[in-house]
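Visitor: Going by the numbering used here, the sequence shown opens with residue 16, and the numbers climb by one from there. Beta carbons: idealized from backbone N, C-alpha and C, even for Gly. Just so we're clear, the structure is a prediction, and the values are computed from it rather than from any experiment.
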Amino acid sequence: MLSLDCITAGYTDENIINEVSLQVNEGEMVTIIGPNGCGKSTLMKTIFGLTRMRGGTIQFKGRDITGMRPDQLVQRGLSYVPQERNVFPALTVKENLEMGGIALTGDIEERISLVLELFPTLAGRMDQRAGTLSGGEQKMLAVGRAMIISPSMLLLDEPSAALSPKVMSQLFSEIKEINERGVTILMVEQNARRALAISDRGYIMEMGRNRLEGPAKSLLDNPEICRLYLGKISKNI
Ligand SMILES: Nc1ncnc2c1ncn2[C@@H]1O[C@H](COP(=O)(O)OP(=O)(O)OP(=O)(O)O)[C@@H](O)[C@H]1O
Ligand SMILES: [Mg+2]
16 MLSLDCITAG
26 YTDENIINEV
36 SLQVNEGEMV
46 TIIGPNGCGK
56 STLMKTIFGL
66 TRMRGGTIQF
76 KGRDITGMRP
86 DQLVQRGLSY
96 VPQERNVFPA
106 LTVKENLEMG
116 GIALTGDIEE
126 RISLVLELFP
136 TLAGRMDQRA
146 GTLSGGEQKM
156 LAVGRAMIIS
166 PSMLLLDEPS
176 AALSPKVMSQ
186 LFSEIKEINE
196 RGVTILMVEQ
206 NARRALAISD
216 RGYIMEMGRN
226 RLEGPAKSLL
236 DNPEICRLYL
246 GKISKNI
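1. Bridge partners of M220, per DSSP?
2. Go to A24, then tell me how far its beta strand (DSSP E) extends in each direction, as first and last residue.
3. What is the chain-ordered set of residues for which the beta carbon lies under 5 Å from any non-hydrogen atom of ligand 1?
4. What residue from L171, M202, N101, S56 has the CA that sits closest to G223's CA?
5. Can P230 and R216 be called in contact, C-beta distance under 8 Å?
6. How should S94 be labelled, buried or exposed, when 16 other C-beta atoms within 10 angstroms of its C-beta is the threshold for buried?
7. Grab the span of the beta strand (DSSP E) containing E34 for me, first residue to last.
8. Going by the CB atoms, is the gap between L178 and L186 shorter than 8 Å?
9. Just verifying my parser: in three-state terms, what is the DSSP assignment at L148?
10. Ignoring anything shorter than 4 residues, give me the alpha helix (DSSP H) runs that lie fully in the region 150–223, in order along the chain.
11. When the distance is taken between beta carbons, is L19 closer than 8 Å to V45?
12. Helix, strand or coil for V108 per DSSP?
13. At 3 residues or longer, and completely inside the region 65–130: list those beta strand (DSSP E) runs for me, N to C.
14. At a cut of 8 Å, does the region 154–163 reach the region 113–131 through at least three beta carbon pairs?
15. Determine the burial state of Y244: buried for a count of at least 16 other Cβ atoms within 10 Å of its Cβ, exposed for fewer.
16. Could you give the DSSP three-state label for P50: helix, strand or coil?
17. Just checking E173 against ligand 2 - is the residue's beta carbon closer than 7 Å to any of the ligand's heavy atoms?
18. Should Q153 be labelled buried (16 or more other beta-carbon atoms within 10 Å of its own) or exposed?
19. Could you check which residue in G64, R91, P104, E125 has the C-alpha nearest to that of G150?
20. Okay, do the region 22–38 and the region 51–69 touch, 3+ Cβ pairs below 8 Å being the bar?
21. Whole angstroms are fine: how far does the CA of D86 sit from the CA of E189?
22. Out of L211, L131, M16, which one is the CA nearest neighbour of N237?
Written out as structure tokens, the structure reads:
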């Protein structure tokens with residue numbers, strides 16, 4: 016579904032991502048973990064055509080998408096939820112969902128009903144301004160907005176950040192359900208254990224480079240990886 020081959024990219028002359036390679040197969044859920052500032056968000060932005068790429072190629076559904084703009088990628092079925100500023104706070108929930116479908120030609124109402132099926136909490140809040148939603152509701156709206164185009168693949172950058180354990184669990188189960196309905200997912204997560212527990216495979220990044228990759232279960236079972244990257248086991252996880 017998605018294949019990154021030796022990607023080098025950044026924002027200015029400095030390279031933040033160096034020769035990163037990664038694959039996501041159709042139907043898979045894959046998580047990227049790594050320390051703060053190692054370039055996870057930059058990698059996601061690079062896939063979605065938002066940084067300066069200096070080397071490497073990106074393929075999506077067997078086609079070369081290197082250098083394509085976000086609107087061209089959306090047309091091809093790739094959707095992206097940024098880590099921050101991922102809803103329009105002054106617009107209502109309904110308007111946010113409509114914005115997600117701005118490139119659609121078909122019936123937006125039908126798409127909105129399908130998204131509300133996934134996130135029923137939003138259904139009762141359609142006229143509320145997004146900026147007044149709770150943190151968890153805003154995350155649901157951001158993912159819901161990305162789902163409006165019926166993507167074949169979703170890029171999710173830290174969907175669970177700043178959520179309480181209970182709301183995080185709910186959001187993770189909704190994300191898993193989206194994946195089980197056939198949407199391929201590439202996700203960046205700080206809550207590495209929880210994310211790997213619902214993923215097929217994982218990648219660990221360090222200082223803008225590939226560090227390790229493997230089946231999610233084998234990463235979770237590796238004591239060295241747990242010590243270095245997964246932190247302590249808390250009763251909430
Ligand atoms: N728009 C930008 N312009 C210039 N440098 C940037 C920009 N965005 C990020 N950076 C730099 O790129 C590096 C990697 O940042 P990035 O946001 O990709 O890290 P991250 O792994 O997502 O971190 P976190 O876990 O904290 O979200 C950092 O040194 C950051 O300062
Ligand atoms: Mg980030």
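Guide: Concretely, from the data shown:
1. Taking the first residue of the sequence shown as position 1, residue 220 is located at position 205. DSSP lists N225 as partners of M220.
2. Translated into the one-based positions of the sequence shown, residue 24 becomes position 9. Here the beta strand (DSSP E) through A24 covers 17–25.
3. Y26, I31, N51, G52, C53, G54, K55, S56, T57
4. Numbered from 1 along the sequence shown, position 208 holds the residue referred to as residue 223. Ranking L171, M202, N101, S56 by Cα distance to G223 puts S56 first.
5. For this step, residue 230 is matched to residue 215 along the sequence shown. For this step, residue 216 is matched to residue 201 along the sequence shown. Contact: yes.
6. Reading the sequence shown from its first residue, position 79 is the one you call residue 94. So S94 counts as buried.
7. Residue mapping note: residue 34 aligns to position 19 of the sequence shown, counting from 1. First-last of the beta strand (DSSP E) with E34: 32–39.
8. The residue given as residue 186 occupies position 171 in the sequence shown. The residue given as residue 178 occupies position 163 in the sequence shown. Cβ atoms of L186 and L178: closer than 8 Å.
9. Start at 1 with the first residue of the sequence shown, and residue 148 comes out as number 133. Looking at L148 - three-state DSSP - the assignment turns out to be coil, as it is neither helix nor strand.
10. 150–162, 180–195, 207–212
11. As a working mapping, residue 45 is identified with position 30 in the sequence shown. As a working mapping, residue 19 is identified with position 4 in the sequence shown. No, Cβ-Cβ distance for V45 and L19 is not below 8 Å.
12. Here residue 108 refers to the residue found at position 93 of the sequence shown. DSSP places V108 in helix when its eight states are reduced to three.
13. 67–75, 93–96
14. yes
15. For the purposes of this step, residue 244 is taken as residue 229 along the sequence shown, with counting starting at 1. It is buried - the Cβ of Y244 has at least 16 other Cβ atoms within 10 Å.
16. In the sequence shown, the residue the question calls residue 50 occupies position 35. In the structure shown, P50 sits in coil (DSSP, three-state: anything other than H, G, I, E or B).
17. Counting from 1 along the sequence shown, the entry for residue 173 is found at position 158. Checking every heavy atom of ligand 2 against the Cβ of E173, one is found closer than 7 Å.
18. As a working mapping, residue 153 is identified with position 138 in the sequence shown. Q153 comes out buried.
19. The count along the sequence shown starts at 1 and reaches residue 150 at position 135. Answer by Cα proximity: P104.
20. yes
21. In the sequence shown, residue 189 corresponds to position 174, counting from 1. In the sequence shown, residue 86 corresponds to position 71, counting from 1. So the two alpha carbons sit approximately 26 Å from each other.
22. The count along the sequence shown starts at 1 and reaches residue 237 at position 222. Measuring from the Cα of N237, the nearest candidate turns out to be L211.
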